[in-house]
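As given, the protein sequences belong to chains A and B, one line each in that order. Read left to right, the first sequence gives residues 30 to 178 (the numbering used here). Read left to right, the second sequence gives residues 1156 to 1329 (the numbering used here). Glycine included, C-beta positions come from ideal geometry on N, C-alpha and C. All values reported here derive from a predicted model rather than from experimental measurement.
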Amino acid sequence: MDVSILLIMFRDIFKKADIILLAVLLAGGIFASIAFARSGSAGGLVSIKAGGKAIASYSLDQDRTVIVSSDGSVSDLDVTDTESVKPGYNTIQIKDGIVSVIEADCHNQVCVNHKPISHEGESIICLPHKMVVEIESGKGDGDVDTIAQ
Amino acid sequence: MAMSTPLHNNARPARRIASLALLTTLALMFSYIESLLPAPGPPGVKLGIANIVIVIILYRCSAYEAASVNFLRVALAGLLFTGLFGALYSAAGAFLSLIGMTLLKKTRLFSMAGVSMAGGVLHNLGQLIIAALLVEETSLFYYFPLLLFSGIASGILTGIIATLVSRKLPTDLF
């Protein structure tokens, strides 16, 4: 079929506003894709729970260090600045897609000695503080009940 | 709701009801055919061929009739094949898509295919919102770009079919 016939058919069906709407929608989709890709949908999410409640969720792709207290408060403080943190804390580090608990004031230090995690479904649990760090898929299938207290 | 339908609609109510019943069956058949086809991708990605019928009714009759047929189709398809939650998702999608399509049609700027494209996108968006509310998981919106693109594609496709079919249909359909 001749290209010009296709063009006539196209003009016969679509209007100018359709093309503008299509362009807007495509631009929005591409923008959203880029925004999501940057926030790390590929690597997944690091979900942090304390005392049985989900308190924070971070992208695995962004390096950060957070201090989580067992009362549920989260602070983005520097690791060295633990003076101001309430007792019952865990310092969680996300670096190069690997999550580890680098410091904690719990008595058994199981979480600190735990090997770093990086894959979906893995978790580090600090039983004394009822703190759970888990890597979830970025798509979020909502399975929050997989860890027993 | 104000009836903005052409005069002949109300002149032959029996004929209109019969036509709408027939079109509801046709839309339901399309839903059935689609439920038989293997899923083309992740959940939510689908052709939406029943939308052809809805768009045609929207143009030939009114938004009120298109909504009635669409919600009947969703309810029946839910009882017959997609299940209660499937119907809930579809109803949310149908609601948002009908509102959007009606508004876009009223501007008179868009073609049938353009209106259908917007309908496809809004249908997927409505489903996504309901899904995110039901599972209380906002990370579900990672699906948004994928559902947006698939909504555009299926909306344009069904819109082109609706345009071509509508041209061949008799003018006194209702």
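With a cut-off of 8 Å on the beta carbons, I'd call Gly-101/A and Ala-79/A a contact; round off their distance for me.
5 Å
Which class does Cys-1216/B belong to by DSSP, given the choice of helix, strand or coil?
Per DSSP, reduced to three states, the secondary structure at Cys-1216/B is coil, with no helix or strand assignment.
Checking 7 Å against the spacing of the C-beta atoms, do Ile-1316/B and Ile-1207/B come in under that value?
yes
Since Tyr-1300/B meets chain A, which of its residues come closer than 7 Å, beta carbon to beta carbon?
Inspection of the sequence shows that residue 1300/B is occupied by Pro rather than by Tyr. Here the neighbours are Gly-58, Ala-61, Ser-62 and Phe-65.
Are Ser-1305/B and Leu-1202/B closer than 7 Å when you measure CB to CB?
Between Ser-1305/B and Leu-1202/B, the gap from beta carbon to beta carbon reaches 7 Å or more.
Rounded C-beta distance between Ala-1205/B and Ser-1223/B? I'm assuming under 8 Å.
Actually they do not touch by this definition, with Cβ atoms about 14 Å apart.
Gly-150/A classed as buried or exposed, judged by whether at least 16 other C-beta atoms fall within 10 angstroms:
exposed
Residue-chain proximity (Ala-83/A, chain B), Cβ-Cβ < 7 Å
No, its Cβ sits nowhere closer than 7 Å to a Cβ of chain B.
Quick check: Val-75/A and Ile-123/A, are their CB atoms within less than 7 Å of each other?
yes
Can you check DSSP and say which residues form a bridge with Ser-98/A?
Tyr-118/A
Closer than 7 Å, Cβ to any Cβ of chain A: which residues of the region 1171-1205 of chain B, in chain order?
Look at the region 1171-1205 of chain B: it has no residue with a C-beta under 7 Å from a C-beta of chain A.
Does any residue of chain A have a CB that is nearer than 7 Å to the CB of Ser-1252/B?
no
Phe-39/A at chain B interface by Cβ criterion, 7 Å:
no
Evaluate contact between the region 1245-1255 of chain B and the region 1275-1295 of chain B, counting only Cβ atoms and requiring at least three cross-stretch pairs below 8 Å.
yes
So, with DSSP's three-state summary, where would you put Glu-151/A?
In the structure shown, Glu-151/A falls within a coil segment according to DSSP collapsed to helix, strand and coil.
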